[in-house]
Amino acid sequence: MRFLFVDAITSVGDGSIVGSRHYPITEPMRYPLRIEQSHVAPGAIFEAIGQLASWYCLKQNNFTARPVFLFVDRIESRRPVPLGSTVELRATIHDLGQDAFRFSGEALVNGEVVQQLDDCGGMFMPLSELEDPEVTKARYQALTNGGLILPGAEGPAYPFADLVGDVLSLEPERRIHTRHLFSRDEPFYADHFPRFPVTPVVILTEMLGQAARHLMGLKDDQELALLAMSRLKIRSFVAPGDIAEVILTSPGVRTLGNRRLGDVTAELLKDGKRILRGDFFYDVTGQ
Amino acid sequence: MNNLDRVRAVIADALYVDLEQVEPGANLMADLGAESIDFLDIMFRLEKEFNIKLPRGEIEQKARGQLSEAEFAVDGRLTDAGLANLRAMLPEVKETAFRPGLHLREIPTLFTVQTFVRMVGEQLTTGDAALAGAGTERPASL
Numbered sequence: 016m017r018f019l020f021v022d023a024i025t026s027v028g029d030g031s032i033v034g035s036r037h038y039p040i041t042e043p044m045r046y047p048l049r050i051e052q053s054h055v056a057p058g059a060i061f062e063a064i065g066q067l068a069s070w071y072c073l074k075q076n077n078f079t080a081r082p083v084f085l086f087v088d089r090i091e092s093r094r095p096v097p098l099g100s101t102v103e104l105r106a107t108i109h110d111l112g113q114d115a116f117r118f119s120g121e122a123l124v125n126g127e128v129v130q131q132l133d134d135c136g137g138m139f140m141p142l143s144e145l146e147d148p149e150v151t152k153a154r155y156q157a158l159t160n161g162g163l164i165l166p167g168a169e170g171p172a173y174p175f176a177d178l179v180g181d182v183l184s185l186e187p188e189r190r191i192h193t194r195h196l197f198s199r200d201e202p203f204y205a206d207h208f209p210r211f212p213v214t215p216v217v218i219l220t221e222m223l224g225q226a227a228r229h230l231m232g233l234k235d236d237q238e239l240a241l242l243a244m245s246r247l248k249i250r251s252f253v254a255p256g257d258i259a260e261v262i263l264t265s266p267g268v269r270t271l272g273n274r275r276l277g278d279v280t281a282e283l284l285k286d287g288k289r290i291l292r293g294d295f296f297y298d299v300t301g302q
Numbered sequence: 006m007n008n009l010d011r012v013r014a015v016i017a018d019a020l021y022v023d024l025e026q027v028e029p030g031a032n033l034m035a036d037l038g039a040e041s042i043d044f045l046d047i048m049f050r051l052e053k054e055f056n057i058k059l060p061r062g063e064i065e066q067k068a069r070g071q072l073s074e075a076e077f078a079v080d081g082r083l084t085d086a087g088l089a090n091l092r093a094m095l096p097e098v099k100e101t102a103f104r105p106g107l108h109l110r111e112i113p114t115l116f117t118v119q120t121f122v123r124m125v126g127e128q129l130t131t132g133d134a135a136l137a138g139a140g141t142e143r144p145a146s147l
């Protein structure tokens, strides 16, 4: 599994960058619950937009600092992205300083916006503390000169369901408390980042989604669809060997026509400290 | 809502604490549990709330003033002159907080709710008037 989520950078403007990503049938960040509905994990799409924005910043600061951590004002996931799709990625960087940046972005399939990010942000860490800047620079060159697909872009589906770990308590549709140990052997640590392995945001948000599936009582063959997330803030890293606890609370499921919708407030704790919080909105109809 | 109440609401929202806890004299780290990443978040939110641009590192830069780097801090720790300048920059912070040997990276540990109220007020008064009065548009790119 590789954590290079942008295949190609097609244009770079003043405060904007455009790229693309093809998600093969064997994309590792996929939900293969039912073959006819197999789709890309929504977190992988916004991770790709975030990486695209990161490439812009890296180029601007001459590959000295990479954005880490994340603030999200709002992300809308308008529809699942089927495997086999090529997604156009766009990011607009509207504030780039020495220590932090903010951006918005969108992902499109055949001209239709499938995911939209509003006012997200991150802060910078010295690139050399995370990875070899020369490797990063060479990747950027390749991405802007026709594209780059590294080995590991295809493979078995990542077992997102395993991220739930132990369910410590459960009050159906109201509250769930889980605990998961992040194994040092997780495949994503090799790439994210070679010199400073930390758990990617996509893994954390999918972990929350899997806990939400339990909370809402969905069966193994039932889908949970992320519709939106807002006011997400990540305050610290989850490193290999860390134990993360998830607490989800919800006012309960509401129905809209034949759909069941769930608002969930998520918290992620490490060593008893809250390191992530966000509001998530799911379709829990389970079809 | 006045500036104080708007800043308090932003801080309460960013730190997930009750509004009542966000008193003007409350220290963000010691009293409200803020971490360094939260300061950036609060700055972002305030910029959006007031449609202003809050320059990063402004307090350190202003505190240094005419002092040379060596006159301001040695090995990252503030000199007596540096500390005096910083004290003048942060009138809302208790005198006892300015302990000798304070490290530059510890400056945020001094910040209170009132620090942000003052920063916002100053920016609204002296900042780019066109930007401050530009309705809901985003701050301009740097």
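Top line first, the protein sequences correspond to chains E and R. Residue numbers for the first sequence follow our numbering, beginning at 16 and rising by one. Residue numbers for the second sequence follow our numbering, beginning at 6 and rising by one. Don't be surprised by glycine CBs; every beta carbon is placed ideally from N, CA and C. Note that this is a predicted model, so its numbers are computed, not measured.
Does any CB atom of chain E fall closer than 7 Å to the CB of Ile42 of chain R?
In the second sequence, counting from the first residue as 1, residue 42 of chain R sits at position 37. Closer than 7 Å to some Cβ of chain E, the Cβ of Ile42 of chain R qualifies, so yes.
Other residues of its chain near Ser11 of chain E: CB distance less than 7 Å, five sequence neighbours each side excluded
Beyond the ends of chain E as shown, which are 16 and 302, falls residue 11 of chain E; an answer cannot be given.
Counting only beta-carbon atoms, is Lys248 of chain E nearer than 7 Å to chain R?
Residue 248 of chain E sits at position 233 when you count from the first residue of the first sequence. Answer yes: the Cβ-Cβ gap between Lys248 of chain E and chain R drops below 7 Å somewhere.
To test your reading of the DSSP string, which unbroken beta strand (DSSP E) runs of 3 or more residues are found completely within the region 184-217 of chain E?
Runs found: 190-196.
Quick one: what's Ile249 of chain E bridged to in DSSP?
Along the first sequence, one-based indexing puts residue 249 of chain E at 234. Answer is E:Leu85, E:Leu291.
Any chain E beta carbon closer than 7 Å to Val46 of chain R:
The count along the second sequence starts at 1 and reaches residue 46 of chain R at position 41. The question names Val, but residue 46 of chain R in the sequence shown is Asp. Yes, Asp46 of chain R lies at the interface with chain E (some Cβ there is under 7 Å from its Cβ).
Contact list for Arg61 of chain R against chain E, beta-carbon separation under 8 Å
Counted from its first residue, the second sequence places residue 61 of chain R at position 56. Neighbours of Arg61 of chain R in chain E, taken as residues whose beta carbon is under 8 Å from its own, are Gly112, Gln113, Asp114, Ala115 in chain order.
With the cut-off set at 7 Å, would you say Arg199 of chain E and Pro148 of chain E are in Cβ contact?
Residue numbering aside, residue 199 of chain E sits at position 184 when the first sequence is read from its first letter. Residue numbering aside, residue 148 of chain E sits at position 133 when the first sequence is read from its first letter. No. Outside cutoff.
So Ala205 of chain E and Pro43 of chain E are supposed to be a Cβ contact under 8 Å. How far apart are they, rounded?
Here residue 205 of chain E corresponds to residue number 190 of the first sequence, with the count starting at 1. Here residue 43 of chain E corresponds to residue number 28 of the first sequence, with the count starting at 1. No, Ala205 of chain E and Pro43 of chain E are not in contact; Cβ-Cβ is about 13 Å, not under 8 Å.
Below 8 Å on the Cβ atoms is my guess for Arg36 of chain E versus Leu98 of chain E; work out the distance and round it to an integer in Å.
As a working mapping, residue 36 of chain E is identified with position 21 in the first sequence. As a working mapping, residue 98 of chain E is identified with position 83 in the first sequence. Not confirmed; about 12 Å, so no contact.
If you run the structure through DSSP and keep just helix, strand and coil, what is Tyr297 of chain E?
Working through the first sequence from its first residue, we reach residue 297 of chain E at position 282. Assignment of Tyr297 of chain E by DSSP, reduced to helix, strand and coil, places it in the strand class.
Quick one: what's got a C-beta closer than 7 Å to Ile24 of chain E's C-beta in the same chain, skipping five residues either side?
In the first sequence, residue 24 of chain E corresponds to position 9, counting from 1. Counting only Cβ-Cβ distances below 7 Å, and skipping sequence neighbours, we find Ile32, Gly34, Trp70, Leu158, Thr159.
What does the Cβ neighbour count give for Val15 of chain R, buried or exposed, with the cut at 16 atoms within 10 Å?
In the second sequence, residue 15 of chain R corresponds to position 10, counting from 1. Sixteen is the threshold: when 16 or more other Cβ atoms of the shown chains lie within 10 Å of the Cβ of Val15 of chain R, as they do, the residue is buried.
From this set, E:Gly112, E:Asn76, E:Leu67, E:Leu85, which residue's C-alpha is nearest Val102 of chain E's C-alpha?
Numbered from its first residue, the first sequence carries residue 102 of chain E at position 87. Per the Cα distances, E:Leu67.
I need the straight-line Cα distance from Gly272 of chain E to Glu169 of chain E, nearest angstrom please.
Residue mapping note: residue 272 of chain E aligns to position 257 of the first sequence, counting from 1. Residue mapping note: residue 169 of chain E aligns to position 154 of the first sequence, counting from 1. Just so you know, the alpha carbons of Gly272 of chain E and Glu169 of chain E end up roughly 38 Å apart.
Taking a cut of 7 Å between CB atoms, which residues from the region 134-149 of chain E lie near chain R?
Against chain R - using a Cβ distance shorter than 7 Å - the residues of the region 134-149 of chain E are Gly136, Met138.
If we define contact as Cβ-Cβ less than 7 Å, is Phe86 of chain E a contact residue for chain R?
For the purposes of this step, residue 86 of chain E is identified with residue 71 of the first sequence, where counting begins at 1. For Phe86 of chain E, at least one C-beta of chain R is nearer than 7 Å to its own C-beta.
Do three or more CB pairs link the region 140-156 of chain E to the region 226-237 of chain E at distances below 8 Å?
Note that the region 140-156 of chain E does not touch the region 226-237 of chain E; fewer than 3 beta-carbon pairs, one per stretch, sit closer than 8 Å.
To the nearest angstrom, how far is it from the Cα of Phe77 of chain R to the Cα of Asp36 of chain R?
For this step, residue 77 of chain R is matched to residue 72 along the second sequence. For this step, residue 36 of chain R is matched to residue 31 along the second sequence. Cα to Cα, the separation comes out at about 28 Å.
Determine, using beta carbons only, whether Phe49 of chain R comes closer than 7 Å to chain E.
Position 44 of the second sequence, counted from the start, is the residue given in the question as residue 49 of chain R. True, the Cβ-Cβ gap to chain E drops below 7 Å.
Do Ala56 of chain E and Glu221 of chain E have their C-beta atoms closer together than 7 Å?
Start at 1 with the first residue of the first sequence, and residue 56 of chain E comes out as number 41. Start at 1 with the first residue of the first sequence, and residue 221 of chain E comes out as number 206. Yes, Cβ-Cβ distance for Ala56 of chain E and Glu221 of chain E is below 7 Å.
Would you say Val268 of chain E and Arg274 of chain E are within 7 Å of each other, going by their C-beta atoms?
Locating residue 268 of chain E in the first sequence gives position 253, counting from the first residue. Locating residue 274 of chain E in the first sequence gives position 259, counting from the first residue. With a cutoff of 7 Å on beta-carbon distance, Val268 of chain E and Arg274 of chain E are scored as not near each other.
Determine the closest residue to Arg250 of chain E out of E:Asp110, E:Ile191, E:Asn77, E:Lys285, with distance taken between C-alpha atoms.
Start at 1 with the first residue of the first sequence, and residue 250 of chain E comes out as number 235. Closest option to Arg250 of chain E, Cα to Cα, is E:Lys285.
Length at least 4, wholly inside the region 28-61 of chain E: the alpha helix (DSSP H) runs in chain order
Scanning the region 28-61 of chain E from its first residue to its last, no whole alpha helix (DSSP H) run of 4-plus residues comes out.
Below 8 Å CB to CB, which residues in the same chain sit around Leu165 of chain E once its five sequence neighbours on both sides are set aside?
As a first step, residue 165 of chain E is located in the first sequence; it is residue number 150 there, counting from the start. Cβ neighbours of Leu165 of chain E beyond the five flanking positions: Arg17, Leu19.
Taking buried to mean at least 16 other C-beta atoms within 10 Å of its own C-beta, is His108 of chain R buried or exposed?
Numbered from 1 along the second sequence, position 103 holds the residue referred to as residue 108 of chain R. Within 10 angstroms of the beta-carbon of His108 of chain R lie fewer than 16 other beta-carbons, which makes it exposed.
Shortest alpha-carbon distance to Ile320 of chain E belongs to which of E:Asp235, E:Phe175, E:His195?
Residue 320 of chain E lies beyond the stretch modelled for chain E, which goes from 16 to 302, so this question has no answer here.
For Pro5 of chain E, which residues of its own chain have a beta-carbon under 7 Å away from its beta-carbon, when the five flanking residues on both sides are left out?
As shown, chain E starts at 16 and ends at 302. That puts residue 5 of chain E outside it, with no answer to give.
Can you tell me whether Ile90 of chain E is helix, strand or coil according to DSSP?
Here residue 90 of chain E is taken as the residue at index 75 of the first sequence, counted from 1. Reduced to three states, the DSSP call for Ile90 of chain E is strand.
Where Arg292 of chain E meets chain R, residues with beta-carbon distance less than 7 Å
Numbered from its first residue, the first sequence carries residue 292 of chain E at position 277. Arg292 of chain E reaches chain R at Tyr21, counting residues in chain order whose Cβ is nearer than 7 Å.
Give the single residue among R:Ile47, R:Gly106, R:Val22, R:Pro29 whose Cα lies nearest to the Cα of Asp80 of chain R.
Here residue 80 of chain R corresponds to residue number 75 of the second sequence, with the count starting at 1. The shortest C-alpha to C-alpha distance from Asp80 of chain R to any of R:Ile47, R:Gly106, R:Val22, R:Pro29 is the one to R:Gly106.
Asp29 of chain E, buried or exposed, once every other Cβ within 10 Å from all chains shown has been counted against 16:
Indexing the first sequence from 1 puts residue 29 of chain E at position 14. It is exposed - the Cβ of Asp29 of chain E has fewer than 16 other Cβ atoms within 10 Å.
Taking Met124 of chain R and Leu59 of chain R to be in contact with their CB atoms under 8 Å, please state how far apart those CB atoms are, rounded to whole angstroms.
Position 119 of the second sequence, counting from 1, holds the residue named residue 124 of chain R. Position 54 of the second sequence, counting from 1, holds the residue named residue 59 of chain R. Confirmed, about 6 Å.
In chain order, what residues of the same chain have a beta carbon less than 6 Å from the beta carbon of Met244 of chain E, not counting five sequence neighbours either side?
Locating residue 244 of chain E in the first sequence gives position 229, counting from the first residue. Contacts found: Ile90, Gly293, Phe295.
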